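Novice: Before we start, here is the structure in question, set down as structure tokens.
2 protein chains.
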Amino acid sequence: MSDTPTLPAPADAAPIMVSESNPLILKLRRSGQLREEDEPVLRDLCTPIRRIPADQDVVREGDSGADVHLVLDGVLARYKLLPEGRRQIIGLLLPGDFCDLQSVILGEMDHSIAALAPSTIAEVPQRIVDALTLSHSRIARALWWATLVDESVLREWLVNMGQRPADRRVAHLVCELLLRFQVVGRAEERACEIPLTQTELGDILGLTNVHINRVLQDLRGRGLLTVRGRRFEVPDVAALRAFCGFDPAYLHLRPARRLEGG
Amino acid sequence: MSDTPTLPAPADAAPIMVSESNPLILKLRRSGQLREEDEPVLRDLCTPIRRIPADQDVVREGDSGADVHLVLDGVLARYKLLPEGRRQIIGLLLPGDFCDLQSVILGEMDHSIAALAPSTIAEVPQRIVDALTLSHSRIARALWWATLVDESVLREWLVNMGQRPADRRVAHLVCELLLRFQVVGRAEERACEIPLTQTELGDILGLTNVHINRVLQDLRGRGLLTVRGRRFEVPDVAALRAFCGFDPAYLHLRPARRLEGG
DNA sequence: CGTACTTTTGAAGTGCCTCAACGGTAGTGG
DNA sequence: CCACTACCGTTGAGGCACTTCAAAAGTACG
């Protein structure tokens, strides 16, 4: 449908029919705010690249850095530590997610961010983002959309923790992650890699690793979910969603502007 | 209760030494983004006024209204209902808080908002907010600050639910509300009105009303908190904060620009 | 002065935790 | 190639924080 010949092709020629792999573009397409001509600008944002080993902090509580961090691959987590040593993960950052857009306004970070798996991020100077949002109003709105969706996800996590028992809580998280990975082309129809230990799943859901383990076995027993290593397979997505009451509305995904070959 | 008849006072000269009572202005002063000349503009926002009885919805899931709602007095709550009838409150809206700034971008609301106590709100047309943020960049940044603080509060609530036992959970919420009410001039140094039933406190914290009741008695027994009706008194704020590990950093309050007589 | 809501109390049940140990697996170095 | 190490997953037994259910007592209101 869109035949604009002005595709960017910055260095590598990107053949027109090849499916997009840039997670930021794939994600922001689902905001319903972008046009095709905005995409090259976003692509240029994703550099320079930095690799982060697992378990390393990218941002620490108290930091007020000059760069904004954008996830390109892997998984990172926002977290807070309590004096007793307990940890709560308060957000998962997947490819296409910004880590610390908010520090532009809020100044000091009030939590830390660590890589849970080996990851790749782009470090974008704050002034670049500033300038971009001033010169490209559609991109500005797309980024605003992204932060509002983050907030919406946080609210759903609160519902998850406050009201759902452990088995539905785990199921709901898996439903969300499967969908979020699919949006950025990191998952299949009924399966994906979720590179988290059971302890980390517990830190997300307010449960112990022991209980996570038992719940996963229980879900397998019901035929709702199978886990082997880091690979999560969902035999029947509709069934898993029904089981935990997952409604994707809170992710505010609009249809992608155009379809591409898988 | 305390019905200041002079709430709007749009064009009236505000005497310099008189203490401010407009909650939006009081709150945004703490963002560190505003100058004094921005305040009259904000004051004009707080009209027309609508009164909401307790337990009435202001915004419903699925709505995509043309107005933005701003709390002037009372308390409202964001909430989601689960099919089993359980309710999770996912945010408290105090005087000075906006209810649905996000619907400008996200379209449909993914949750509902109800008044928990008789409340007063202003209904601001979206285009007014739009125009305001374009013409007044400092106000735009102050509003952005407010939404980022909302998100930060949500993260802290998640920590509260996931990691703290019931007694510290209740204590932490009280610490937060006492401070937030103080910011908008609705609380004393060591006491405030929190117009919530114990069932509503439970819906915030993921606990039953029965257990909330027992926890409140326990906190009273330790001399940390006394509750009579809706009045919460904290004999020793530092002690209560230490008990639950409350650190106000997540509210990102900067010192008010100027001090005023109480 | 009844009606409806909220708070309070009791008794019994359970979902999840704690503690502890064992098994699996991958990476490392001799 | 195999032992060593470290981390992760798995299993069991026992305990407790919180829930559920039920009913009584307090409080606000027309």
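Line order of the protein sequences matches chains A and B.
All residue numbers for the first sequence refer to this note's numbering, where the first residue is 50 and numbers rise by one.
All residue numbers for the second sequence refer to this note's numbering, where the first residue is 50 and numbers rise by one.
Note that beta-carbon positions come from the ideal geometry of N, C-alpha and C, so glycine has one too.
All values reported here derive from a predicted model rather than from experimental measurement.
Within its chain, find whatever has a CB closer than 7 Å to the CB of residue 272 of chain A; leave out the 5 residues flanking it on each side and keep chain order.
Specialist: On the first sequence, position 223 is the one that residue 272 of chain A refers to. Around residue 272 of chain A: 284.
Novice: Taking all protein chains shown into account, decide if residue 60 of chain B is buried (16 or more other Cβ within 10 angstroms of its Cβ) or exposed.
Specialist: As a first step, residue 60 of chain B must be located in the second sequence, where it is residue number 11. The predicted position of residue 60 of chain B is uncertain, since its pLDDT is 44 and thus under 50; no value can be drawn from it.
Novice: Once you ignore the five residues that flank residue 345 of chain B on each side, which residues in its own chain have a CB closer than 8 Å to its CB?
Specialist: The structure shown has nothing for residue 345 of chain B, since chain B only spans 50 to 311.
Novice: List, in chain order, every chain A residue whose beta-carbon is nearer than 8 Å to that of residue 200 of chain B.
Specialist: Taking the second sequence and counting its residues from 1, the one referred to as residue 200 of chain B is at position 151. Per Cβ cutoff of 8 Å: 151, 196, 199, 200 and 203.
Novice: Would you list the one or two residues that DSSP bridges to residue 162 of chain B?
Specialist: Stepping through the second sequence from its first residue, residue 162 of chain B is reached at position 113. Answer by DSSP bridge pairing, in chain order: B/108 and B/127.
Novice: Can you name the residues of chain B whose CB is closer than 7 Å to the CB of residue 208 of chain A?
Specialist: For the purposes of this step, residue 208 of chain A is identified with residue 159 of the first sequence, where counting begins at 1. The answer, in chain order, is 129, 137 and 139.
Novice: Roughly how far, in whole angstroms, is the beta-carbon of residue 144 of chain A from the beta-carbon of residue 228 of chain A, given that I think they are within contact range, below 8 Å?
Specialist: Locating residue 144 of chain A in the first sequence gives position 95, counting from the first residue. Locating residue 228 of chain A in the first sequence gives position 179, counting from the first residue. In fact, because the Cβ distance is near 14 Å, the residues do not count as touching under 8 Å.
Novice: Distance check for residue 176 of chain B and residue 142 of chain B, CA to CA, integer angstroms please.
Specialist: Start at 1 with the first residue of the second sequence, and residue 142 of chain B comes out as number 93. Start at 1 with the first residue of the second sequence, and residue 176 of chain B comes out as number 127. Roughly 22 Å separates the two Cα atoms.
Novice: Mapping DSSP to helix, strand and coil, what is residue 234 of chain A?
Specialist: Here residue 234 of chain A is taken as the residue at index 185 of the first sequence, counted from 1. Residue state, collapsed to three classes: coil.
Novice: Determine the DSSP secondary structure at residue 292 of chain A, reduced to helix, strand or coil.
Specialist: The residue given as residue 292 of chain A occupies position 243 in the first sequence. DSSP places residue 292 of chain A in helix when its eight states are reduced to three.
Novice: By the DSSP assignment, the alpha helix (DSSP H) with residue 249 of chain B in it spans what residues?
Specialist: Residue 249 of chain B sits at position 200 when you count from the first residue of the second sequence. Run containing residue 249 of chain B: 247–254, per the alpha helix (DSSP H) assignment.
Novice: Hey, how far is the Cα of residue 2 of chain B from the Cα of residue 86 of chain A?
Specialist: Outside the shown range of chain B (50 to 311) lies residue 2 of chain B, about which nothing can therefore be said.
Novice: Return no unless some Cβ of chain A is closer than 8 Å to the Cβ of residue 274 of chain B.
Specialist: Reading the second sequence from its first residue, position 225 is the one you call residue 274 of chain B. So no, residue 274 of chain B is outside the interface.
Novice: Counting contacts by CB-CB distance shorter than 8 Å, is residue 132 of chain A in contact with chain B?
Specialist: For this step, residue 132 of chain A is matched to residue 83 along the first sequence. Interface residue, yes.
Novice: Which term fits residue 72 of chain B, buried or exposed, when burial requires 16 or more other beta carbons within 10 angstroms of its beta carbon?
Specialist: For this step, residue 72 of chain B is matched to residue 23 along the second sequence. Buried, by the Cβ-count rule.
Novice: Are the C-beta of residue 62 of chain A and some C-beta of chain B separated by less than 8 Å?
Specialist: In the first sequence, the residue the question calls residue 62 of chain A occupies position 13. Caution is warranted here: a pLDDT of 47 is assigned to residue 62 of chain A, below 50, making its placement in the model unreliable, and the coordinate value is therefore given only provisionally. False, the Cβ-Cβ gap to chain B never drops below 8 Å.
Novice: Residue 231 of chain B touches chain A at which residues, Cβ-Cβ below 7 Å?
Specialist: Taking the first residue of the second sequence as position 1, residue 231 of chain B is located at position 182. Per Cβ cutoff of 7 Å: no residues; residue 231 of chain B is ~19 Å from chain A at best.
Novice: When the Cβ atoms of the segment 239–253 of chain A are set against those of the segment 145–164 of chain B, are three or more pairs found closer than 8 Å?
Specialist: They do not touch, by the three-pair rule.
Novice: Taking only the alpha-carbon atoms, compute the straight-line gap between residue 18 of chain B and residue 245 of chain B and give it to the nearest angstrom.
Specialist: The structure shown has nothing for residue 18 of chain B, since chain B only spans 50 to 311.
Novice: Determine the chain B residues that contact residue 212 of chain A at a beta-carbon separation under 7 Å, and present them in chain order.
Specialist: For the purposes of this step, residue 212 of chain A is taken as the residue at position 163 of the first sequence. Chain B residues near residue 212 of chain A: 131, 135, 137 and 255.
Novice: Which of the three DSSP states is assigned to residue 284 of chain A in this structure?
Specialist: Counting from 1 along the first sequence, the entry for residue 284 of chain A is found at position 235. DSSP places residue 284 of chain A in coil when its eight states are reduced to three.
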